[in-house]
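If you use the working numbering, the sequence shown corresponds to residues 71 to 203, in order. Worksheet: one structure, shown below.
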Amino acid sequence: MRKVIGFIPGLISLMSAPAAFAQGTNIAISPPQGSIGDVDISKIPQFIVGLLFVIGVVIAIAFLIYGGIKWILSGGDKAAVESARNHIVAAIVGLIIVVGAFVILNLVIRIITGQPFDLNNLCIPSLTNPTCQ
């Protein structure tokens with residue numbers, strides 16, 4: 071008898087559940103903003119070069135700051151000051167190499183894609199705009 075008494079409330083709760091109503095099929099789907107057809111294949115190498123330029127500059131500046139901190143914390147030790155100076159010089163040389171490589175690669179990409187190259191209008195990329203568009 072206990073089983074029947076325990077079974078009846080469960081059965082009543084299952085039978086009293088309202089029916090689920092599914093949503094209708096007239097859902098309007100709007101197309102996404104822009105389309106894939108807007109991508110110009112010549113912009114991809116420029117994007118990659120710009121992104122690598124930004125990464126290289128960030129790394130060079132980090133090494134420059136690291137060298138400066140080493141110099142400050144050297145405490146007058148000649149070997150530590152020389153090591154810090156070498157870090158700073160290497161960071162500056164690295165920064166010059168990154169900028170030179172950026173200019174050369176931009177020149178090559180623009181020659182290959184047939185775009186005009188002008189050093190006066192050379193855009194320096196940033197993290198928010200690596201393609202300068």
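Every residue, glycine too, gets a C-beta built ideally from N, C-alpha and C.
Annotation for LEU177: the continuous alpha helix (DSSP H) segment containing it runs 148-183. The alpha-carbon of ILE139 is positioned some 43 Å away from that of PRO186. The continuous alpha helix (DSSP H) containing PHE133 extends over residues 113-142. A Cβ-Cβ separation of about 21 Å leaves PHE123 out of contact with HIS157 under the 8 Å criterion. Taking all protein chains in view, the Cβ of PHE77 is surrounded by fewer than 16 other Cβ atoms within 10 Å, so the residue is classified as exposed. The C-beta distance from VAL119 to LEU175 rounds to 5 Å, short enough to fall under 8 Å.
Comparing alpha carbon positions, the residue from TRP141, GLY80, ALA161 closest to GLU152 is TRP141. Going by beta carbons, PRO115 and ILE181 fall outside the 9 Å limit. PHE77 carries a helical assignment under DSSP once its states are collapsed to helix, strand and coil. Counting only the Cα atoms, VAL169 lies some 10 Å from ILE194. Of the residues ALA149, PHE117, VAL159, LYS113, the one whose Cα lies closest to the Cα of ILE135 is VAL159.
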